[in-house]
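Chemist: For reference, the structure I am asking about is given below.
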Amino acid sequence: MFYAEKYDKVHWVGMNLAEMESVLNQMGEPKYRAKQIYQWVYKHQINKFERMRNIPNSLQERLKARSEIRSTVLNKVTSNPNSTTKKYLFTLLDGGSVEAVYMKGRRTTVCLSTQIGCAVGCRFCATGTMTYQRNLTAGEIVEQFLYLQNDNDSTITNVVFMGMGEPFLNYTNTIKAADLLNDKNGINLGARRITISTAGIVPKIRRFTDENHRYKLAISLNGTSQENRGQTMPITETYSLDSLMEAAWYYWQNSKRMITFEYVLLSGINDSKADAKQLKNLIGGLPCKVNVIPYNEIGGEYKRPTDEQLQIFLTELDHARFTVTVRQSQGTTIDAGCGQLAVKTTEENDD
Ligand code: SF4
Numbered sequence: 631m632f633y634a635e636k637y638d639k640v641h642w643v644g645m646n647l648a649e650m651e652s653v654l655n656q657m658g659e660p661k662y663r664a665k666q667i668y669q670w671v672y673k674h675q676i677n678k679f680e681r682m683r684n685i686p687n688s689l690q691e692r693l694k695a696r697s698e699i700r701s702t703v704l705n706k707v708t709s710n711p712n713s714t715t716k717k718y719l720f721t722l723l724d725g726g727s728v729e730a731v732y733m734k735g736r737r738t739t740v741c742l743s744t745q746i747g748c749a750v751g752c753r754f755c756a757t758g759t760m761t762y763q764r765n766l767t768a769g770e771i772v773e774q775f776l777y778l779q780n781d782n783d784s785t786i787t788n789v790v791f792m793g794m795g796e797p798f799l800n801y802t803n804t805i806k807a808a809d810l811l812n813d814k815n816g817i818n819l820g821a822r823r824i825t826i827s828t829a830g831i832v833p834k835i836r837r838f839t840d841e842n843h844r845y846k847l848a849i850s851l852n853g854t855s856q857e858n859r860g861q862t863m864p865i866t867e868t869y870s871l872d873s874l875m876e877a878a879w880y881y882w883q884n885s886k887r888m889i890t891f892e893y894v895l896l897s898g899i900n901d902s903k904a905d906a907k908q909l910k911n912l913i914g915g916l917p918c919k920v921n922v923i924p925y926n927e928i929g930g931e932y933k934r935p936t937d938e939q940l941q942i943f944l945t946e947l948d949h950a951r952f953t954v955t956v957r958q959s960q961g962t963t964i965d966a967g968c969g970q971l972a973v974k975t976t977e978e979n980d981d
């Protein structure tokens with residue numbers, strides 16, 4: 631009942647200015663009201679109509695009767711006293727759940743989800759073990775950002791679309807959410823501070839290139855041959871490693887922007903000296919960055935490599951033509967590390 635009532639309402643987060651103008655036009659309101667509401671929602675990031683000081687009380691009441699600013703409810707925040715990373719659980723309008731992660735360090739980065747569950751099914755990923763339910767709307771994606779910003783003093787400087795879901799299988803809403811985050815008249819986060827990470831949806835990499843988006847592009851590589859990558863990433867059967875590398879080159883040749891390859895290091899799977907050598911061959915002269923991520927175990931068959939093995943792998947990459955960084959994921963103690971997001975049942979969460 632509660633959800634059915636809410637479904638009938640318009641939600642302002644997720645709308646761009648033109649859409650707000652259209653809704654207000656239907657209400658018989660002048661165009662400039664849209665700009666005012668847009669700024670309250672995205673620039674001042676308020677969540678109550680009463681706080682819209684330049685909106686007359688009568689209009690505030692009409693807005694309240696037929697709309698809500700946000701559609702999701704913040705359900706739970708998980709933190710650890712020894713860490714500045716926090717995990718946020720949201721309940722959506724239809725009862726579904728998603729998670730987002732806040733990480734404070736030299737930069738303040740948030741990791742946002744784009745789908746409930748994920749159909750890509752990477753074998754090392756906790757989200758991949760969840761059934762895919764649906765795409766998030768642009769509003770549901772941006773709301774994660776707004777709640778995380780409201781709940782923390784430090785200004786969010788970076789956004790990564792690396793939470794639950796494959797962003798490029800929810801392409802339109804992901805790009806719309808990124809555009810809303812980036813808009814100078816609203817949240818105003820620089821385009822190069824927004825990273826979209828894909829498991830390798832080749833046609834969408836090409837579309838992203840053709841549309842000339844300025845957001846950073848990251849590709850989860852995690853393997854160095856068709857067979858090796860296919861072992862952990864079944865998507866490789868649909869979009870081969872060759873076609874993925876061709877798309878990466880296409881992106882570079884057309885945009886002159888560097889891709890980041892994420893390489894989750896899995897013990898005994900892709901972490902040998904030979905794997906590192908093969909990685910150099912695979913990438914060749916493509917200008918890029920490789921981000922090596924020692925695996926965060928989720929209790930399955932895959933293991934994190936030892937520090938010694940990590941070192942062997944990195945040493946082999948010493949003279950690679952690309953830049954190599956190592957990401958030691960924050961938040962692993964609260965299952966908020968890379969690849970660890972999966973909404974558990976209430977019982978499990980409450981343990
Ligand atoms: S790593 Fe990303 S694409 Fe792969 S299953 Fe997990 S959420 Fe989906």
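Numbering of the sequence shown is given in this note's numbering, commencing with residue 631 and proceeding in unit increments. No residue lacks a Cβ here, since even glycine has one placed at the ideal position from N, Cα and C.
1) Between Arg736 and Ile824, what straight-line distance do the alpha-carbon atoms span, to the nearest angstrom?
2) With C-beta atoms as the reference, is Asn800 less than 7 Å away from Thr767?
3) Are the beta-carbon atoms belonging to Phe679 and Gln690 less than 7 Å from one another?
4) Which residues in the same chain as Tyr880 place their Cβ atom closer than 7 Å to its Cβ, once the five residues preceding and following it in sequence are excluded?
5) Would you identify the three-state DSSP class for Thr761, choosing helix, strand or coil?
6) Between the alpha carbons of Gln779 and Lys717, how many angstroms are there, rounded?
7) By Cβ distance, which residues of its chain are closer than 6 Å to Arg663, with the 5 residues on each side in sequence left out?
8) Going by the CB atoms, is the gap between Arg700 and Glu773 shorter than 7 Å?
9) The alpha helix (DSSP H) that contains Pro711, what's its start and end?
10) Excluding sequence positions up to five away, which residues of its chain have a Cβ less than 8 Å from the Cβ of Ala634?
11) Could you check if Val806 is buried or exposed, using at least 16 other CB atoms within 10 Å of its CB as the buried criterion?
12) Helix, strand or coil for Val594? Go by DSSP, reduced to three states.
13) Alpha carbon to alpha carbon, what distance is there between Lys639 and Leu723?
14) What is the DSSP secondary structure of Ser850, reduced to helix, strand or coil?
15) If the criterion is Cβ atoms closer than 7 Å, does the pair Phe952 and Cys918 meet it?
16) Helix, strand or coil for Ala730 per DSSP?
17) What do you get for Asn765, buried or exposed, if any count of 16 or more other CB atoms within 10 angstroms of its CB means buried?
18) Which of helix, strand or coil does DSSP assign to Thr862?
19) Tell me the DSSP bridge mates of Phe791?
20) Going by the DSSP bridge assignment, what does Leu719 pair with across the sheet?
21) Should Thr744 be counted as a contact of ligand 1 given a C-beta to heavy atom distance under 6 Å?
Modeler: Taking the coordinates as given:
1) Their backbone Cα atoms lie some 16 Å apart in a straight line.
2) No, Cβ-Cβ distance for Asn800 and Thr767 is not below 7 Å.
3) Their beta carbons are under 7 Å apart, which means Phe679 touches Gln690 by this criterion.
4) Sequence-distant partners of Tyr880 (beyond 5 residues in either direction) whose C-beta falls short of 7 Å from its own C-beta, in its chain, are Arg836 and Thr839.
5) It is coil, neither helix nor strand.
6) Near 13 Å, if we compare the C-alpha coordinates of Lys717 and Gln779.
7) Result list for Arg663: Leu654, in chain order.
8) Annotated as proximal: Glu773 and Arg700, with beta-carbon spacing under 7 Å.
9) In the DSSP assignment, Pro711 falls outside any alpha helix (DSSP H), carrying neither H nor E.
10) Any reading at Ala634 must be qualified, since the residue scores a pLDDT of 49, below 50, and its modelled position is unreliable; the value itself is stated next. Nothing listed; no residue qualifies.
11) The residue you asked about is not Val; residue 806 is Lys in the sequence shown. By the neighbour-count criterion, in which a residue is buried when 16 or more other Cβ atoms sit within 10 angstroms of its Cβ, Lys806 is buried.
12) Past the boundaries of the shown model lies residue 594; the chain is included only from 631 to 981, so the question cannot be answered.
13) Approximately 11 Å between the Cα atoms of the pair.
14) The answer is strand: DSSP assigns Ser850 an E or B state.
15) Yes, these two residues count as a Cβ contact at 7 Å.
16) Looking at Ala730 - three-state DSSP - the assignment turns out to be strand.
17) With a threshold of 16 other beta carbon atoms within 10 Å, Asn765 meets it and is buried.
18) In this structure, Thr862 counts as helix in the three-state DSSP scheme.
19) DSSP output for Phe791 lists Ile826 as bridge partner(s).
20) Paired residue(s): Lys706 and Glu729.
21) It does not: the Cβ of Thr744 is nowhere closer than 6 Å to a heavy atom of ligand 1.
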